[in-house]
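Please read the structure below before turning to the comments.
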Amino acid sequence: MAGSDDRPPSRSNLLAALVVGILVVMLVPMPTVVLDLLLTVNISLGLLILVSVMNAGKPADFSSFPSILLFTALFRLALNVASTRLILLEGEAGMIIKSFGHFVVGGNVVVGVVVFVILVVIQFVVITRGQNRISEVTARFTLDAMPGKQMA
C-alpha cells in the first residue's frame with residue numbers, strides 16, 4: 000500500500016516520547032496509585048540496569064549506559080517533583096513512600112531527623128567534591144588547548 004510504513008519507530012521518536020512522558024509526570028498532578036506504579040517501575044528499572052551493568056563483560060557491551068543513566072535520572076527527578084507536589088497538596092504520599100519511610104525511620108521522629116541530616120551532609124559533600132573535580136578537569140582542558148608548553 001502506498002504511503003504505508005511498517006517500520007518500527009526510530010530511536011529519536013522513542014526518546015522524544017520519553018522526554019514528553021517525563022514532562023507530563025513533572026507538570027500534571029498524579030493520583031497516588033499512578034505515582035506508586037511509577038515508583039515501582041523506577042525501582043525495577045534501577046535493579047534491571049544494575050544487573051545489566053554487572054553482567055556486561057566490557058564497557059563496550061553497554062555503550063548506551065550514559066544516555067540510560069541520564070534518562071533514568073530525569074525520570075527520578077520528575078518522580079521527586081510529583082511526589083513532593085502530592086505530599087504538599089494532598090498530605091498523602093502513597094503506599095510506597097509511606098512504607099519506605101516507616102522502614103527507614105521506624106516511626107521515630109528523632110531517627111528521621113538524624114537520617115535526614117546525614118543525607119543532607121552526604122549530598123553536600125558529594126556535590127562539592129563533584130564541582131571541584133569538574134573545575135579541575137575544565138582547567139586541565141583549558142590548559143591543554145592553549146598553544147605552547149605549560150608547567151601544569
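Okay, so the sequence shown: first residue is 0 according to numbering that gives the first Met the number 0, each after it adds one.
We put the CB at the ideal spot given by N, CA and C, even for glycine.
In terms of Cβ geometry, alanine 92 and serine 82 form a close pair [threshold 8 Å]. Relative to leucine 69, the option among Val18, Lys97, Val125 and Gly90 whose CA is nearest is Val18.
Here the alpha carbon of valine 32 sits roughly 10 Å from the alpha carbon of leucine 38. One thing to note: aspartate 35 has its Cβ within 8 Å of the Cβ of isoleucine 95.
Per DSSP, the unbroken alpha helix (DSSP H) holding methionine 94 starts and ends at 94–104. Only residues of its own chain outside the window of five on either side were considered, and among them Phe61 have a CB closer than 6 Å to the CB of alanine 55, listed in chain order. The alpha-carbon separation between valine 104 and valine 110 amounts to approximately 6 Å. Boundaries of the alpha helix (DSSP H) harbouring valine 24: 10–26, taken from the DSSP string. Only residues of its own chain outside the window of five on either side were considered, and among them Pro28 have a CB closer than 7 Å to the CB of arginine 84, listed in chain order.
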